[in-house]
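The structure under discussion appears below in the form of C-alpha cells.
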Amino acid sequence: MDGAVEIHHGTAIALGHCAALIRGPAGSGKSDLALRCIGLAPTALIPSQTVLVADDRVQLTRTGETLKAEAPATIGGILEVRGLGILTVPSLASANLALVADLTAPEDIVRFPDPKPQTELLGLSFPLLLLAPFEASAPLKLLLALAQKLRGSAQT
523 MDGAVEIHHG
533 TAIALGHCAA
543 LIRGPAGSGK
553 SDLALRCIGL
563 APTALIPSQT
573 VLVADDRVQL
583 TRTGETLKAE
593 APATIGGILE
603 VRGLGILTVP
613 SLASANLALV
623 ADLTAPEDIV
633 RFPDPKPQTE
643 LLGLSFPLLL
653 LAPFEASAPL
663 KLLLALAQKL
673 RGSAQT
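So our numbering is basically just the index in the sequence shown, starting at one, shifted up by 522.
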C-alpha cells in the first residue's frame, strides 16, 4: 500500500510534526473545534502552537508505516469559520498522522475506554479519540492526546 492516497472528509490540525484527523458529519463542529485548538496559546500542558493542516478535505498519503496528512492544493491554509467566512490561519503544509478524533454525542463516550479504541486508515492502525465537540474541554482533550503522541514520537 506504499504510495496509496485517500481524500477524507474532515479537518486536520498539528502540534509539531504530529497531526490529528477530526472526523464527523457535515456541520458537526470539525472546523469550529480546529479553530478553538488553533486559538489556544501554548501552556505547560500543550507544548507548542497548534496549526491547521487541512479543513474540509484531508489528503492522506502512505509512506512505509507513516500517513502524511496535507491539504489539497486549492484549500491549503484556509479554514471555514461559520459566520465569518473563509479565513487564512496559521498552517503547516503536511504532518504525520498520529491520531483520529471522531465527533460524537457526550453520552456515547466511555469514561475509561479499555481497550483503547483504534481505527484503520490505508492499512495502518491509529488511536481513536471520541469527542463531544462543543464541550468546553474538547479542544484541550484533543490537544492533550496529540501532545502525548508528540512526546512519544520525540522519544523514539
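A virtual CB, placed ideally from N, CA and C, is assigned to each residue, including glycine.
About 17 Å separates the Cβ atoms of ALA534 and ALA526, ruling out a contact at the 8 Å cut-off. Rounded to the nearest angstrom, the gap between the Cα atoms of PRO639 and ILE597 is 31 Å.
C-alpha of ASP577 to C-alpha of ASP636: approximately 31 Å in a straight line. Apart from the 5 residues on each side of it in sequence, GLY546 sits with its Cβ closer than 6 Å to the Cβ of LYS552, LEU625 in its chain, given in chain order. DSSP places ILE535 within a strand segment (E or B) once states are collapsed to three.
Taking C-beta atoms as the reference points, ILE544 and LEU555 count as a pair closer than 8 Å. SER659 counts as exposed, since fewer than 16 other beta carbons sit within 10 angstroms of its beta carbon.
Going by DSSP, ASP624 is part of the beta strand (DSSP E) stretching over 616-625. Here GLN670 carries a helix assignment [DSSP, helix/strand/coil].
Excluding residues up to 5 positions away in sequence, ILE529, ALA576, ARG579, GLN581 lie with their Cβ nearer than 8 Å to the Cβ of PRO594 in the same chain. DSSP places LYS552 inside the alpha helix (DSSP H), whose first and last residues are 552-560.
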